[in-house]
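Quick note on the numbering used here: the sequence shown kicks off at 1067 and runs consecutively. Before any comments, here is the structure.
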Amino acid sequence: MGGGVDDIFEAAVALHRQGRTAEAEPLYGQVLDAEPDHPRAQHNLGALLMQSKRVAEALPLLARAAGRPDAGRQSQLTYLYALSEAGRMEEAGQAVARHRAHGLEGPDLDAAEARILSAWGLQLDTQGRSVEAEAHLRRAAELTPLDPQAHSHLG
């Protein structure tokens, strides 16, 4: 990666951190134009698009960033949240199971799984599938026992 791309990426990150997403977005795009497989730019632009409620645009970027063999934990977690936001609950649940099978553990994965299970449970409940919904919501509450929202959803 050349110095120019590094400088553009760092400028994008700085703007993103300041909440200046409209200015950061095209800079991430410039980085990806120069280096389409730049994992941090893929992740950061995907995260920015998620913040802007543009989940459909974010998903392909986040999938590419999370699917790399050297993908960081944050890329994987952000992708899980994106799947959940997109309503792709079954796919998100399968991704959590794959992460756990590959040794990714910890409170951040528990929180991600609980969030997915809660959203999935609420979705199932609106479909009249209360038994399945309860199982998902109960597991979410078990994963995050101190989260009042998980318990509220179960109630």
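For glycine and all other residues, C-beta sits at the position ideal for the given N, C-alpha and C.
Separation of E1171 from A1209, as counted between CA atoms: In the sequence as presented, Ala is not what sits at residue 1209; that position holds Leu. Distance between the alpha carbons of L1209 and E1171: 12 Å.
6 Å Cβ shell around L1243 - same chain, five flanking residues per side excluded: Because the chain here runs from 1067 to 1221, residue 1243 falls outside it and cannot be looked at.
Contacting residues, own chain, Cβ-Cβ under 6 Å from A1132 (five flanking each side not counted): Excluding sequence neighbours, A1132 sits near S1141, Q1142, Y1145.
Rounded straight-line distance, which links the Cα of A1207 to that of L1220: In a straight line, the C-alpha of L1220 is about 7 Å away from that of A1207.
A1129, enclosing alpha helix (DSSP H) - first and last residue: 1121-1132
Test item: CB-CB of T1087 and Q1108 under 8 Å: No, Cβ-Cβ distance for T1087 and Q1108 is not below 8 Å.
Simplified DSSP state of G1159, which is helix, strand or coil: helix
S1218 burial status per 10 Å Cβ neighbour count (16 or more: buried): exposed
Residues near L1149 by beta carbon distance below 7 Å, same chain, minus five either side: E1157, A1158, A1161
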